[in-house]
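Peer 1:
In full-length UniProt numbering, the protein residues as written are 1 to 161.
(1) Tell me whether residue 73 is buried or exposed, calling it buried when 16 or more other Cβ atoms sit within 10 Å of its Cβ.
(2) Is the beta carbon of residue 135 less than 8 Å from the beta carbon of residue 93?
(3) Is there a Cβ of chain D sitting closer than 8 Å to that of residue 124, yes or no?
(4) How big is the Cα-Cα spacing for residue 53 and residue 7?
(5) Roughly how many angstroms lie between the CA atoms of residue 9 and residue 30, to the nearest whole one?
(6) Just the C-alpha distance for residue 100 and residue 133, rounded to the nearest angstrom, thanks.
(7) Straight-line CA distance for residue 108 to residue 129?
(8) Which residue wins for smallest C-alpha separation from residue 36, given the options 24, 137, 11?
(9) What is the DSSP secondary structure of residue 6, counted as helix, strand or coil?
(10) On a CA-only basis, which of 122, 32, 26, 46 is nearest residue 172? Give me that one, please.
(11) Per DSSP, residue 122 forms a beta bridge with which residues?
(12) Check residue 30 in the structure and name its three-state DSSP category.
(13) For residue 110, report the span of its alpha helix (DSSP H) as first-last.
(14) Residue 46 and residue 110: beta carbons closer than 8 Å?
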């Protein structure tokens, strides 16, 4: 299931309209294409719901539910995050949190969207793709997309350290 949901999400990212708007006809057409490629209806629906949630404005929730991070704070992973995110994935997220190019709300959104996939294990490659999707869908972060694509390359962690 892991590869299927992420494969659906990557397909949707490649075919999603640039302004983030998708009407029922677009969704039906993309769902038909995905079904013809062999993806199940549940995986397709889960991916659409995940992507729609990603596109929603989460700034209000971040401001009212969480205390803003200080410049010197380091995010701690919950027990569930530690269980599901591999050590490499958590290390990558820590490096992103220390990088001034990635803002804290975006980093929190990456973790939120990773946990929303309901996967037993979320590895480094999964986190890289989710980070790309979050950055792509956040307002005023288009300049980060090329940077994040570079980080998605296999030897990117060595260059970051």
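Every residue gets a Cβ at the ideal spot worked out from N, C-alpha and C, and that includes glycine.
Peer 2: With the given structure in hand:
(1) exposed
(2) no
(3) The chain inventory of the structure shown lacks chain D, comprising one protein chain alone.
(4) 17 Å
(5) 11 Å
(6) 19 Å
(7) 15 Å
(8) 11
(9) helix
(10) Here the chain has residues from 1 to 161 only, and residue 172 is not among them.
(11) 85
(12) helix
(13) 104–115
(14) no
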